[in-house]
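To convert a position in the sequence shown, counted from 1, into the working numbering, add 120.
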Amino acid sequence: MEREEIITKLEENGLEDIIELIEDAESGHLEELELVESIGLLYDETLNQAVISLLKSLGVEIIYVTDDEESDNNA
């Protein structure tokens, strides 16, 4: 999926926060992103994988954490 197609789908779904992540990555302001692998960024698995692939191609390191690590950080 190309960048413009991803952006269009995100706009259609009102996911401006994800568009901001992509723009931050493009401008060099996002170097790494922590995700719970079982959750990801989006409910739509295809779009989720496309966004993660795009972020990786922009040099963002995706760091997968477990649910336990995530809940420890919020405690």
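Even for Gly, the Cβ is constructed at its ideal location relative to N, Cα and C.
Residue i burial status per 10 Å Cβ neighbour count (16 or more: buried)
i	result
I142	buried
E190	Because the pLDDT at E190 is just 46, under 50, the model does not fix this residue reliably, and the value given afterwards should be weighed accordingly. By the 10 Å Cβ count, E190 comes out exposed.
I138	buried
Residue closest to residue i, alpha-carbon to alpha-carbon, out of the options
i	options	result
E157	I183, M121, A170	I183
S147	L178, Y163, I138	L178
T186	N168, T128, M121, G160	G160
Cutoff 7 Å; reference residue i; Cβ partners in own chain excluding five residues on either side
i	result
D144	L150
L174	R123, I126, I142
M121	A170
Distance CB(residue i)-CB(residue j) smaller than 7 Å
i	j	result
V180	L153	yes
Continuous beta strand (DSSP E) stretch holding residue i: start and end
i	result
E124	Segment 123-132 is the alpha helix (DSSP H) holding E124; no beta strand (DSSP E) there.
6 Å Cβ shell around residue i - same chain, five flanking residues per side excluded
i	result
G134	none
L130	I138, I139
Run of the alpha helix (DSSP H) containing residue i, from where it starts to where it stops
i	result
I172	165-177
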